[in-house]
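See below for the structure under consideration.
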């Protein structure tokens, strides 16, 4: 589910492209450090800025993670899949509590890796073979810009991790972006 920068250039309106490139700069290395303005702009582009800003308090995060887990479980359970993908669906459902546990233990780099894998599987369940095509992000952007931006974000997580993934604060912030989006998906 990795996307090249030309996908962003071709498919994404300017205001979303600016938010995307500020958070995940094009090229092989990024200035992964405290990126608060870029993270807030990306949260705004996804439509989750208000929820994202609430998650600074630990008690809010714990409560929000329960909502996230419930919503993601419901999304996965309600997704119709071919009989051949039922096992995939069950395996994905079983991974969610472990993922939430990584976040609660503040293992953000590990949680980001797991989240990347979860998003890859979720994309398969929701979009089937289309999610593995090179033009998947263009397809998702045509459906809905914030949704396309979210799936692009999911495709960038692997690159983000491979590049050193910034400090713990940045890892947490990047992770919370996706959690906020999926909680309201």
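Residue numbers (this note's numbering): 448 to 632. The beta-carbon is built from N, C-alpha and C at its ideal position, and this holds for glycine as well.
Asked: Three-state class that DSSP yields for residue 527 in the structure shown; Found: coil
Asked: Reduced DSSP secondary structure (H/G/I, E/B, other) of residue 579; Found: helix
Asked: Extent of the continuous alpha helix (DSSP H) run through residue 487; Found: 483-493
Asked: Residue 553: first and last residue of the uninterrupted alpha helix (DSSP H) it sits in; Found: Premise fails: residue 553 is in no alpha helix (DSSP H) and is neither H nor E.
Asked: 8 Å contact criterion, which residue 571 and residue 584 should meet: CB distance rounded; Found: So it is not a contact: roughly 15 Å between Cβ atoms.
Asked: Terminal residues of the alpha helix (DSSP H) in which residue 498 lies; Found: 496-501
Asked: Contact the segment 540-553 vs the segment 506-519: 3+ CB pairs below 8 Å; Found: yes
Asked: Limits of the unbroken alpha helix (DSSP H) element including residue 607; Found: 592-609
Asked: Stretch pair the segment 480-497 + the segment 593-609: three plus CB contacts closer than 8 Å; Found: yes
Asked: Close-in-space but distant-in-sequence residues of the same chain around residue 522 (CB under 7 Å, 5 per side omitted); Found: 632
Asked: Cβ pair residue 558, residue 622 closer than 7 Å; Found: yes
Asked: Where the alpha helix (DSSP H) containing residue 613 begins and where it ends; Found: No alpha helix (DSSP H) holds residue 613; DSSP gives it neither H nor E.
Asked: Rounded separation between residue 606 and residue 520 - CA only; Found: 27 Å
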